[in-house]
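Residue numbers (the numbering used here): 24 to 433.
Everything below concerns the one structure shown next.
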Amino acid sequence: MRLERGTFGGRFAMVMAMAGSAVGLGNIWRFPYMVGENGGAAFILVYVVCCLLVSLPIFFCEAIIGKSQRANTCYLSIVSSFIILSFYSVVGGWSVDYLLRSLSGGFQGQSMEQAREMFAGISASMVENISCMLVFLGLTALIVVAGVEKGIGLFSKVSIPVLFIMMLLLAFNSSSLEGAKKGIEYLIKPDFSSLSGKAVAAALGQSFFSLSLGVGSILTYASYMKEEESVTFAGGWTVFFDTVFAIVSGFAIMPAVFAAGIEPGAGPSLVFETLPVIFSGMGWIVPIVFFLVILIAALSSSISLLEVVVSFLVDEKHLSRGRAVMDVFLLAAILGGACAVFPRLFGICDFVTSNVLMMLGALAFCLAVGWKMPREEVLSYIRSPFLYKIIRYAIPVMIIIIALIPFFDC
Ligand code: TRP
């Protein structure tokens, strides 16, 4: 049944909302440490190839399902987006925390040791961690409550272009630091000897995460597309913006990491432990801009995660939008609170969603479009019999192979 649904209020807002869902902590926080853990430029190349060859067709599948059915997504997706929303809000909370600290000039003259201690202190302080997470989740809820056009569409239309400009400025700033050259080389000179099977799986997982695939974010957003808006147009631009943004944030972070003589393979704490030190000598404006960028990017993504669950509750359980947002807020606050207090739970949620649930979701969307939907209907969206064949045969096989890599040691 094709339901009457809201829209984003225009093609620009629609593409910005999708790009906003994609551009997020995945680009600024996860991508740089993945690059650092998996060997630099070679990983970036594999990542870009994954985005174009595997993730873009999957994006089309998700969007085709959403647009053709104009409806919410399946149960698996609801569960995965809810879990991601919960642990994502913990990291979103750190960005709130760091923004507040930078507003009060908190990084001036900080040493590496102090920055580490500060991060450890934040992660260990239950009250601080949970209250910042609640602020983040609350902001997310406020935007979603305002609706698809006046909340999500408006927020994305205004904030995403600003975000791009701010990130570009940061990348220029960082690349002009003394000692930045090594960082730039790290990002552009590939060393394929450091590339393992695991890194390839990580690159695919990262491209799914970064493009918000496999949990119904794109599906739900596509269900708000107007008849005349094109799935391939939306997909192409979203992948373009997301990839460019990830690479630009690499250039904002890695040169600074190298300039400060910090290990690039530090893992999830990389951005939060190292940047305050780098910023300590730069005056007060750079850290404020940086953590504001992280916060806006994180919000434009978390709203897409919350919207998946809210749209389901509104359509299927006939809750009002306000009530649905409130209910999900409370539940996510509980799981998010638990993730904030138990780092192991946080790690498990991240692993299970990126390595299992998102892969299963992507596979399901791909099979639904390739094997269940009539060929003619699919072709009316993508217009390429070759791409249709890829979706039918190649992508499912690739997802299965790559999804299995982390479970074997290679
Ligand atoms: N893509 C976002 C990021 O890069 C996060 C996100 C939003 C997401 N919706 C998602 C991740 C759905 C996985 C699935 O930060």
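Cβ atoms here follow ideal geometry from the backbone N, Cα and C, with glycine treated the same way.
Helix, strand or coil at residue i [DSSP, three-state]
i    : result
R25  : Per-residue confidence for R25 stands at a pLDDT of 45, beneath the threshold of 50, marking its modelled position as unreliable; the derived number appears in the next sentence. Reduced to three states, the DSSP call for R25 is coil.
L200 : coil
D265 : helix
A283 : coil
T30  : coil
T96  : coil
L186 : helix
M248 : coil
N61  : coil
V309 : helix
Q131 : coil
L234 : coil
D350 : helix
G393 : helix
S125 : helix
F66  : helix
L193 : helix
V337 : helix
L329 : helix
L322 : helix
F256 : helix
V294 : helix
P213 : coil
A89  : Correcting the residue identity first, residue 89 is Gly in this sequence and not Ala. Of the three classes helix, strand and coil, the one that applies to G89 here is helix, per DSSP.
V46  : coil
A169 : coil
S118 : helix
G345 : helix
S272 : helix
G288 : coil
R406 : coil
S148 : coil
Cutoff 6 Å; reference residue i; Cβ partners in own chain excluding five residues on either side
i    : result
M135 : V300
V294 : W52
I276 : P55
L358 : S109
R25  : Because R25 sits at a pLDDT of 45, beneath the cut-off of 50, its placement in the model cannot be relied upon, and the point is left open.
Inter-residue spacing [alpha-carbon to alpha-carbon] between residue i and residue j
i    : j    : result
G128 : S146 : 20 Å
A226 : A347 : 35 Å
G259 : V316 : 23 Å
S253 : I423 : 29 Å
A363 : M382 : 25 Å
G49  : P408 : 32 Å
G176 : S325 : 14 Å
L427 : L108 : 25 Å
G288 : V280 : 10 Å
S125 : Q133 : 12 Å
F105 : L329 : 7 Å
A40  : S148 : 34 Å
L242 : C97  : 10 Å
V113 : R367 : 13 Å
F430 : F215 : 22 Å
L390 : L410 : 14 Å
F130 : S303 : 5 Å
K204 : L353 : 47 Å
E201 : L193 : 15 Å
W307 : G144 : 22 Å
Test item: CB-CB of residue i and residue j under 8 Å
i    : j    : result
L482 : S118 : In the structure as shown, the chain begins at 24 and stops at 433. Residue 482 is therefore absent and cannot be evaluated.
I405 : F82  : no
F187 : F268 : yes
A222 : G62  : yes
P278 : I207 : yes
F313 : N95  : no
G384 : S78  : no
A65  : S230 : no
I418 : P80  : yes
T30  : E251 : no
F110 : C372 : yes
C22  : V262 : What the structure shows of the chain is the stretch from 24 to 433, and residue 22 is not part of that stretch, so it cannot be assessed.
N196 : V309 : yes
L298 : L162 : no
G370 : M156 : no
Cut-off 7 Å between Cβ atoms - residues of its own chain near residue i, not counting five sequence neighbours on either side
i    : result
K90  : A245, S246, M248, V254
E296 : A138, R139, F142, A289
V333 : V167, R344, A347, V348, V351
A233 : For clarity, residue 233 is Ser in the given sequence; the question names Ala instead. Contacts found: A45, G49, N50, F54, D265, A269.
P291 : Y56
Heavy atom of the ligand COA within 7 Å of residue i beta-carbon
i    : result
S197 : As presented, the structure is devoid of the ligand COA, carrying the ligand TRP as its sole ligands.
Same chain, Cβ closer than 8 Å to residue i, neighbours up to 5 away in sequence not counted
i    : result
F35  : K180
G273 : F54, P55, V58, I67, L210
I311 : L122, S125, L126
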